[in-house]
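For the sequence shown, the numbering used here assigns the number 169 to the initial residue and increments by one for each residue that follows.
Cβ coordinates follow ideal geometry from the N, Cα and C atoms, glycine included.
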Amino acid sequence: MLQVNIVTLTHLTKLFLKDMICQGYGKILNVASVAAFQPSPLMAVYFGTKAYVLSFSEAITNELESTDVTLTTLCPGLTALGFQKVAAMEEAKISHVNRMMNSETVATIGYDSLMANKTIMIPGLRNKILAKSVIFAPRNIVSKVVKNMHEQRK
């Protein structure tokens, strides 16, 4: 997970960014998650890698301000694409949310945001509220709430 979400993303960004800057045009779309906005016991590595993607991407976006190269960071919430099964989260409380976005909708929003030069895109009102509301609660409370959401249903 660290290799894919951090090392490879950083390497590919560096690799392609130089040529984009030299040619005077380019667009990069990095995929973080609403997970990037809060810590999560029981999924600490995943959430941590997504926090890295968001922070790294925001920093690079700032560095690109004087160029015609843009970087968009897509931060979707739960998306119906099989992640819950792969992550062994099928019985977690959070996996039983009724309103998961489908992957096609998330991909379309990501592409449209990239083409519109958006810096950060959080698809869906519920996801925006989730990502932004954590700043109003103490961090230890946020960790407890997120942990509860990832625990198994009883």
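Separation of M283 from V325, as counted between CA atoms: The first residue shown for the chain is 169 and the last is 322, placing residue 325 beyond what the model contains.
Contact check, I174 vs L185, beta carbons under 9 Å: Here residue 174 refers to the residue found at position 6 when the sequence shown is read from its first residue. Here residue 185 refers to the residue found at position 17 when the sequence shown is read from its first residue. No, the Cβ-Cβ distance between I174 and L185 is not below 9 Å.
Cβ neighbours of A204 in the same chain (closer than 7 Å, five flanking residues each side left out): Counted from its first residue, the sequence shown places residue 204 at position 36. Closer than 7 Å at the Cβ level, and outside the excluded window around A204, lie K218, A219, V221, L222, C243.
C-beta contact flag for Q206 and V274 at 9 Å: Position 38 of the sequence shown, counted from the start, is the residue given in the question as residue 206. Position 106 of the sequence shown, counted from the start, is the residue given in the question as residue 274. For Q206 and V274, no; Cβs fall outside 9 Å.
Rounded distance between the beta-carbons of G278 and G245, thought under 8 Å: Looking up residue 245 in the sequence shown gives position 77. Looking up residue 278 in the sequence shown gives position 110. That pair is no contact at about 13 Å.
CB of L232 within 9 Å of CB of I288, strictly: As a first step, residue 232 must be located in the sequence shown, where it is residue number 64. As a first step, residue 288 must be located in the sequence shown, where it is residue number 120. Going by C-beta atoms, L232 is not nearer than 9 Å to I288.
6 Å CB neighbourhood of N285 in its chain, flanking five on each side removed: In the sequence shown, counting from the first residue as 1, residue 285 sits at position 117. Contacts found: T238.
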